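Peer 1:
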């Protein structure tokens, strides 16, 4: 099947940013950009671009990644995948961010590659701001209630369980021409 027209990346991102700002224009908002690692390698870059589109719309946006809150358990072998420390994510990023005002938050807690904790860098922002967080499996129990809005970035036509709870599904087969998908998750 030949695609005759595909939206430019900036158009898809502006549409999502406009929807987020329209629905959550006041207060602090946390947006998840999710996807499965095997099928959606562009999750982090897509989240970067979405945060930039939100800024271009006139809203303040910040970025974070679940990877920056993940570390290897002490007893795990050196080649083990880092695991999300949900407690740290909530305590130093999400909860302080949502408090608003002059409360500071930390955008990264661990360097997974170096396998060490990072010196905290505290950030503050205005009362109206969006925090865009990328990662995988963000609808799992314990995390699903954090996000106000969740974008599922997919590659191909696979219908994975993560799409069921997404606010928006974006097909990212061609990263320069991502497409918003309006399909059910059945």
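Numbering (the numbering used here), first residue to last: 324 to 509.
Cβ atoms here follow ideal geometry from the backbone N, Cα and C, with glycine treated the same way.
This one's a predicted model, so the numbers in the text were calculated from it and none came from an experiment.
#1: If you follow the alpha helix (DSSP H) that residue 420 is part of, which residue opens it and which one closes it?
#2: Span of the beta strand (DSSP E) holding residue 385?
#3: Give the secondary structure of residue 362 by DSSP, where H, G and I count as helix, E and B as strand, and everything else as coil.
#4: Nearest-angstrom Cα distance between residue 409 and residue 415?
#5: What's the C-alpha gap between residue 488 and residue 397?
#6: Compute the Euclidean distance between the alpha carbons of residue 454 and residue 445, then round it to the nearest angstrom.
#7: Run the CB neighbour count on residue 505, radius 10 Å, all protein chains shown included, and call it buried at 16 or more, exposed below.
#8: Which two residues bound the contiguous beta strand (DSSP E) that contains residue 412?
#9: Which residue marks the beginning of the beta strand (DSSP E) containing residue 454, and which one marks its end?
#10: Can you list, in chain order, the residues of its chain whose CB lies under 8 angstroms from that of residue 341, leaving out five sequence neighbours each side?
Peer 2: Quick answer:
#1: 418 to 422
#2: 383 to 388
#3: Unreliable placement is indicated for residue 362, whose pLDDT of 46 sits below 50; no coordinate value is reported for it.
#4: Residue 409 and residue 415 have their C-alpha atoms roughly 10 angstroms apart.
#5: 33 angstroms
#6: 14 angstroms
#7: exposed
#8: Taken as a continuous stretch (DSSP letters only), residue 412 belongs to no beta strand (DSSP E), as it is neither H nor E.
#9: 452 to 457
#10: If we look at residue 341 and ignore the five residues flanking it on each side, its Cβ neighbours are 380.
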